[in-house]
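Presented below is the structure to which this report refers.
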Amino acid sequence: MNYRIAVLPGDGIGAEVVPQALRVLDAVAAKAGITFEYTYALIGGAAIDATGHPLPPETLELCRNSDAVLLGAIGGPKWDTLPSHLRPEVAALLPLRKELGLYANIRPCHLFPALADASTLKREVLEGVDMVVIRELTGGLYFGEKKRETLEDGSERAVDTLVYSTPEVERIVRLACETAKNRRGQVCSVDKANVLESSRLWRETALKVAEAYPEITMSHMYVDNAAMQLVRNPRQFDVLVTENMFGDILTDQASMLSGSLGMLASASIGGEVALYEPAHGSAPDIAGQNKANPLATILSVAMMLEYSFKRVEEARAIEAAVDRVLNQGYRTGDIMEAGKTLVNTVEMTDCVINALA
Ligand code: NAI
Ligand code: MG
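Under the UniProt record's numbering, the first residue of the sequence shown carries the number 1, and numbering increases by one thereafter.
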């Protein structure tokens with residue numbers, strides 16, 4: 001079997017971790033008798049520098065014609081001051097998601113037992129954490145109408161619009177229920193229905209969707225409480241589903257339950273081609289130093305094997321290799337603790353590849 005993968009390394013550490021994750025894929029492919037065909041394309045700041053635009057049409061076209069997309073991360077200080085229609089996240093990431101119809105971002109958040117002391121949170125709180133956060137990805141504030149206006153007194157006013165329609169909520173909540181069916185059967189829908197009209201529609205719709213899933217227990221939580229519960233007692237969550245911006249914030253927060261943002265993988269699905277990327281950004285503070293933790297991206301290709309190619313056995317093998325390497329005491333800087341062995345990006349990947357053998 002041959003799979004065509006669009007590879008978009010992007011900027012900063014994105015360009016460092018993506019090639020490492022491909023080395024892991026190749027190691028798996030050799031064993032499983034599959035081949036991966038990689039086609040590289042530009043995105044983000046790298047694409048601005050080369051072509052003047054962060055999402056060149058040929059990049060989008062390549063993604064559409066591939067079996068899956070692997071993205072590193074985009075953005076950085078060099079492009080932060082560009083007008084918003086050119087900025088990497090607004091002008092590349094958001095349209096890419098929209099164009100590919102990727103309305104759901106799936107972020108499993110599970111603690112590798114060896115990292116129980118790596119987080120700033122206590123071991124008692126973290127042990128046994130195993131949840132999936134499902135974030136709506138193509139609606140809400142990030143996509144609603146935006147405008148700026150100058151008022152009579154010369155001051156400025158800015159408007160972002162939070163819009164959701166019933167079908168948008170239905171499909172994402174359904175996905176959460178389907179996901180929970182194969183897990184502990186619990187869905188927590190997060191909203192702010194006490195103040196937001198869009199959240200009231202979200203909750204009403206979630207309740208209706210749940211009627212078709214008698215085997216699922218659905219609960220509802222306000223987002224401020226959810227933020228608190230995530231650090232107070234994260235084990236209570238099985239599947240958490242929420243709108244775009246709440247999900248953006250809660251998933252970064254939840255990443256600390258896995259020890260580091262550098263551990264958190266993600267899949268964006270919903271269209272014909274799915275996109276896989278680490279949850280982190282381009283980390284300009286450590287870019288170019290071979291210091292980045294490649295595990296989030298390596299775990300993202302495991303998700304690709306599972307979701308896009310139905311290669312569950314190979315996906316589990318990668319996760320088991322990561323678990324083994326952490327148990328052996330190898331750590332990148334972001335998860336380093338006393339008594340462990342500090343390794344760089346490439347060495348960490350070598351360890352994972354060796355552990356696959
Ligand atoms: P960030 O995720 O890049 O970094 C936050 C902190 O986590 C930094 O201290 C960084 O060193 C650390 N970190 C992140 N990933 C790591 C890894 N794999 N290993 C070790 N340490 C890691 O978020 P930040 O600093 O807010 O944004 C930096 C740039 O990335 C900005 O231009 C932002 O717009 C962009 N960004 C892009 C995203 C994407 O492409 N999907 C997502 C988030 C931010
Ligand atoms: Mg984010």
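Idealized CB from N, CA, C, for every residue including glycine.
Since we're looking at a predicted model, the values are computed, not measured.
Quiz item: Can you tell me the Cα-Cα spacing of Ile335 and Arg324, whole angstroms?
Solution: Sequence index remark: in the sequence shown, residue 335 carries index 335 (1-based). Sequence index remark: in the sequence shown, residue 324 carries index 324 (1-based). Straight-line Cα distance between these residues: approximately 15 Å.
Self-check item: Closer than 8 Å to chain C by CB, Val69
Solution: Absent from the structure: chain C. Only one protein chain is present.
Quiz item: Are Leu55 and Ala92 close, meaning C-beta to C-beta below 8 Å?
Solution: By one-based count along the sequence shown, residue 55 stands at place 55. By one-based count along the sequence shown, residue 92 stands at place 92. It is a contact, given that the beta carbons lie within the stated cut-off.
Self-check item: Spatial neighbours of Pro88 in its chain, beta-carbon cut-off 6 Å, leaving aside the 5 residues before and after
Solution: What you label residue 88 is simply residue 88 of the sequence shown in a count that begins at 1. Around Pro88: Gly44, Gly45, Pro54, Ile74, Gly75 and Trp79.
Exercise. Spatial neighbours of Thr217 within its chain, please: CB distance less than 8 Å, with the 5 preceding and 5 following residues excluded, ordered by chain position.
Key: In the sequence shown, the residue the question calls residue 217 occupies position 217. Within the same chain, Thr217 has close Cβ partners Gly185, Gln186 and Val187.
Quiz item: What number of angstroms, rounded off, separates the C-alpha of Tyr213 from the C-alpha of Asn354?
Solution: Numbered from its first residue, the sequence shown carries residue 213 at position 213. Numbered from its first residue, the sequence shown carries residue 354 at position 354. Roughly 43 Å separates the two Cα atoms.
Quiz item: Any heavy atom of the ligand NAI closer than 7 Å to the CB of His53?
Solution: Start at 1 with the first residue of the sequence shown, and residue 53 comes out as number 53. No, the beta carbon of His53 sits no closer than 7 Å to any heavy atom of the ligand NAI.
Exercise. Assign Ser189 to one of two classes, buried (16 or more other C-beta atoms within 10 Å of its C-beta) or exposed (fewer than that).
Key: As a first step, residue 189 is located in the sequence shown; it is residue number 189 there, counting from the start. Result: buried.
Quiz item: Looking at Ser268 and the ligand NAI, is the gap between the Cβ and the nearest heavy atom below 7 Å?
Solution: Against the sequence shown, residue 268 aligns to sequence position 268. No; taking the cut-off as 7 Å, the Cβ of Ser268 has no heavy atom of the ligand NAI nearer than that.
Exercise. Starting from the C-beta of Gly14, find all residues in its chain whose C-beta is less than 6 Å away, skip the five residues before and the five after it, and write them out in chain order.
Key: Taking the sequence shown and counting its residues from 1, one reaches residue 14 at position 14. Closer than 6 Å at the Cβ level, and outside the excluded window around Gly14, lie Gly72, Ala73 and Ser282.
Quiz item: Taking Cβ positions, are Ala274 and Tyr307 nearer each other than 8 Å?
Solution: Taking the first residue of the sequence shown as position 1, residue 274 is located at position 274. Taking the first residue of the sequence shown as position 1, residue 307 is located at position 307. Yes, the Cβ-Cβ distance between Ala274 and Tyr307 is below 8 Å.
Quiz item: Apart from the five residues on each side of it in sequence, which residues of its chain come closer than 7 Å, Cβ to Cβ, to Val17?
Solution: Position 17 of the sequence shown, counted from the first residue, corresponds to residue 17. So the qualifying residues of the chain are Gly72, Pro278, Ala292, Pro294, Thr297 and Thr345.
Self-check item: 8 Å contact criterion, which Thr205 and Val132 should meet: CB distance rounded
Solution: Position 205 of the sequence shown holds residue 205. Position 132 of the sequence shown holds residue 132. Thr205 to Val132, Cβ: 20 Å. No contact.
Quiz item: Roughly how many whole angstroms lie between the Cα atoms of Ile106 and Asp248?
Solution: Your numbering for residue 106 matches position 106 in the sequence shown. Your numbering for residue 248 matches position 248 in the sequence shown. One C-alpha to the other measures close to 11 Å.
Exercise. Examine the ligand NAI and report whether any of its heavy atoms sits within less than 7 Å of the Cβ of Glu347.
Key: On the sequence shown, residue 347 is found 347 positions in, with the first residue counted as 1. No, the beta carbon of Glu347 sits no closer than 7 Å to any heavy atom of the ligand NAI.
Quiz prompt | Residues of its chain near Pro234, where Cβ-Cβ distance is below 6 Å and the 5 sequence neighbours each way are ignored | solution = As a working note, residue 234 is residue 234 in the sequence shown. Hits under 6 Å: Val129 and Leu257.
Quiz prompt | Host beta strand (DSSP E) of Leu82 (start-end) | solution = Within the sequence shown, residue 82 is the residue found at index 82, counting from 1. Neither: Leu82 is in no beta strand (DSSP E) and is coded neither H nor E.
Quiz item: What are the start and end residues of the beta strand (DSSP E) that includes Glu272?
Solution: Taking the sequence shown and counting its residues from 1, the one referred to as residue 272 is at position 272. Counting along the chain, Glu272 falls outside any beta strand (DSSP E), and DSSP gives it neither H nor E.
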